[in-house]
Amino acid sequence: KGNTALHISSLAGQSLIVTILVENGANVNVQSLNGFTPLYMAAQENHEDVVRFLLSHGANQALSTE
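Residue 1 is where the sequence shown starts when you use UniProt numbering, and the numbers rise one by one after that.
Here it is in structure tokens:
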């Protein structure tokens, strides 16, 4: 619940979509209703390219999922 397009594309490993969204202003630290960030979702599915991209664009590793 509360997932944005960035959450969904990060979870699916869609690096091109993630890039387009972030370059057009998507918040890399947005949290879903359950507290998950796009970074968390990409890491959970081992999408290393998406994780690296999000980190290089300011994703915060320290955000709580609670």
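Backbone N, C-alpha and C fix where the C-beta goes; we use that ideal spot for every residue, glycine too.
Being a predicted model, the structure only gives us computed values, none of them experimental.
query = Rounded to a whole number of angstroms, what is the C-alpha to C-alpha distance between Asn29 and Ser15?
reply = Indexing the sequence shown from 1 puts residue 29 at position 29. Indexing the sequence shown from 1 puts residue 15 at position 15. Each residue's Cα considered, the two are about 16 Å apart.
request  = Taking 7 Å as the cut-off, decide whether the C-beta atoms of Pro38 and His57 are in contact.
outcome  = Taking the sequence shown and counting its residues from 1, the one referred to as residue 38 is at position 38. Taking the sequence shown and counting its residues from 1, the one referred to as residue 57 is at position 57. Not in contact: Pro38 and His57 (Cβ atoms no closer than 7 Å).
Classification of Ser10 by the beta-carbon crowding that lies within 10 angstroms, buried from 16 upward = Translated into the one-based positions of the sequence shown, residue 10 becomes position 10. Per the 10 Å Cβ criterion, buried.
Member of Ala62, Asn34, Leu55, Ala59 whose CA lies at the smallest distance from the CA of Asn3 = Indexing the sequence shown from 1 puts residue 3 at position 3. Out of Ala62, Asn34, Leu55, Ala59, the CA that lies nearest to the CA of Asn3 is found in Asn34.
request  = Starting from the C-beta of Ser32, find all residues in its chain whose C-beta is less than 8 Å away, skip the five residues before and the five after it, and write them out in chain order.
outcome  = Along the sequence shown, read from residue 1 onward, the residue named residue 32 stands at position 32. Beyond the five residues adjoining it in sequence on each side, Ser32 comes within less than 8 Å, by CB distance, of Lys1, Gly2, Asn3, Thr4, His7 in the same chain, given in chain order.
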